[in-house]
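The structure appears right after this line, and notes come after that.
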Amino acid sequence: MKQPGDLFGMDGSRSGHSADERSFFAEQPARESNLAKAASSRAALQPEAHYLGHRERLRNRFRDGGDTALADYEILELLLFRLIPRRDTKPIAKALIARFGTLGGVIGAPPALLQEVKGIGESVALDLKLIANVAQRMLKSELREKQVLSSWSSVIDYCHAAMAYETTEQFRILFLDKRNVLIADEIQGRGTIDHTPVYPREVVKRALELSATAIILVHNHPSGDPTPSRADIDMTRTIVDTAKPLGITVHDHIIIGKDGHASLRGLRLI
43 MKQPGDLFGM DGSRSGHSAD ERSFFAEQPA RESNLAKAAS SRAALQPEAH
93 YLGHRERLRN RFRDGGDTAL ADYEILELLL FRLIPRRDTK PIAKALIARF
143 GTLGGVIGAP PALLQEVKGI GESVALDLKL IANVAQRMLK SELREKQVLS
193 SWSSVIDYCH AAMAYETTEQ FRILFLDKRN VLIADEIQGR GTIDHTPVYP
243 REVVKRALEL SATAIILVHN HPSGDPTPSR ADIDMTRTIV DTAKPLGITV
293 HDHIIIGKDG HASLRGLRLI
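Those letters in the sequence shown? Residues 43 to 312, per the numbering used here, in order.
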């Protein structure tokens, strides 16, 4: 028969299998923790299962048929896959289109307004704005080292991408050299939802500083309607009259709206 001393050492510690028993009980919290982590990982992956197949199908449709095979919200979904990797982005894409009307409206929307849509945080909003700026630079690159008047559609595309979805008015000037090649593209003023202060002398002064011989005036109407106002017409005529004696030609004043544009030259208003 075993004596008590066989079970406990002189210092009170267990002998024999005691080390195994201690390690067994000591490992229990760690084992339980690992099991909990594994369960948590499975739970985290489970919600993805229902849309992972959808993502793959959408990518395949885009690969095989290009953008014409997809609706606007589906193109937006493809983009959001990268920006929001662990969520179902279809409801978010549809909510964005519903809020801003078109894919262009989403990409061009200010970050603060994008964040009003559930599922869009600051980082995603800034990523979408980055994409908008990449698109603008691509369009602007089409104007470099080219005669602007012979690339008029590129001018309109660029101005529309840059200004159509702004929530306040901007007054922009394209400065051209004697060959009508773009020297500079500058925003000269920002205003309210329906007004931007413009100073004809400052416009002409800047053209002289850049040695520009021609300019194109551009501003946007956040209301979406590009129809020129009486103030737009009067301001343009004042700039024309101020610039002409100094050898500076005003080729046009373009007004950009969400759904189109108006040319004061085309309307024979200047």
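Every residue gets a Cβ at the ideal spot worked out from N, C-alpha and C, and that includes glycine. A quick note: this is a predicted structure, and the numbers were derived from the prediction, not measured.
Judging by CA-CA distance, which residue of Thr255, Glu98, Val190, Asn175 is the nearest neighbour of Met205?
Stepping through the sequence shown from its first residue, residue 205 is reached at position 163. Its Cα nearest to that of Met205, the residue Asn175 stands out among Thr255, Glu98, Val190, Asn175.
Roughly how many whole angstroms lie between the Cα atoms of Gly163 and Arg97?
Taking the sequence shown and counting its residues from 1, one reaches residue 163 at position 121. Taking the sequence shown and counting its residues from 1, one reaches residue 97 at position 55. Those two C-alpha atoms are separated by around 21 angstroms.
Pair every Cβ in the region 219-229 with every Cβ in the region 148-156, then say whether three or more of these pairs are closer than 8 angstroms.
No, the region 219-229 does not touch the region 148-156.
Can you give me the C-alpha to C-alpha distance between Ala273 and Thr131, rounded to a whole angstrom?
In the sequence shown, residue 273 corresponds to position 231, counting from 1. In the sequence shown, residue 131 corresponds to position 89, counting from 1. About 45 angstroms.
Could you have a look at Leu155 and say whether DSSP puts it in helix, strand or coil?
On the sequence shown, position 113 is the one that residue 155 refers to. Helix at Leu155.
Consult DSSP for Asp109 and reduce its assignment to one of helix, strand or coil.
Here residue 109 refers to the residue found at position 67 when the sequence shown is read from its first residue. Note: Asp109 maps to helix in three-state DSSP.
With Gln189 as the anchor, note down where its beta strand (DSSP E) starts and where it stops.
If you number the sequence shown from 1, residue 189 lands on position 147. Careful: Gln189 lies outside any beta strand (DSSP E) and carries neither H nor E.
For a test of the three-state rule: what should DSSP assign to Ala273, helix, strand or coil?
Numbered from 1 along the sequence shown, position 231 holds the residue referred to as residue 273. Of the three classes helix, strand and coil, the one that applies to Ala273 here is helix, per DSSP.
Say whether chain C places a C-beta atom closer than 8 angstroms to the C-beta of Ile173.
Absent from the structure is chain C; it holds one protein chain and no more.
Would Ser305 be called buried (16 or more neighbouring beta carbons within 10 Å of its own) or exposed?
Locating residue 305 in the sequence shown gives position 263, where the first residue counts as 1. Ser305 should be labelled buried.
Give the list of continuous alpha helix (DSSP H) stretches no shorter than 4 residues that lie fully inside the region 204-266.
For the region 204-266, the full-length alpha helix (DSSP H) segments reaching 4 residues or more read 242-251 along the chain.
Spatial neighbours of Asp294 within its chain, please: C-beta separation below 6 angstroms, excluding the five flanking residues on both sides.
Walking along the sequence shown from the start, residue 294 turns up at place 252. Counting only Cβ-Cβ distances below 6 angstroms, and skipping sequence neighbours, we find Ile258, Ser305, Arg307.
Beta-carbon separation (whole angstroms), Ala177 vs Ile149, contact threshold 8 angstroms:
Counted from its first residue, the sequence shown places residue 177 at position 135. Counted from its first residue, the sequence shown places residue 149 at position 107. With a Cβ gap of about 7 angstroms, Ala177 and Ile149 count as contacting.
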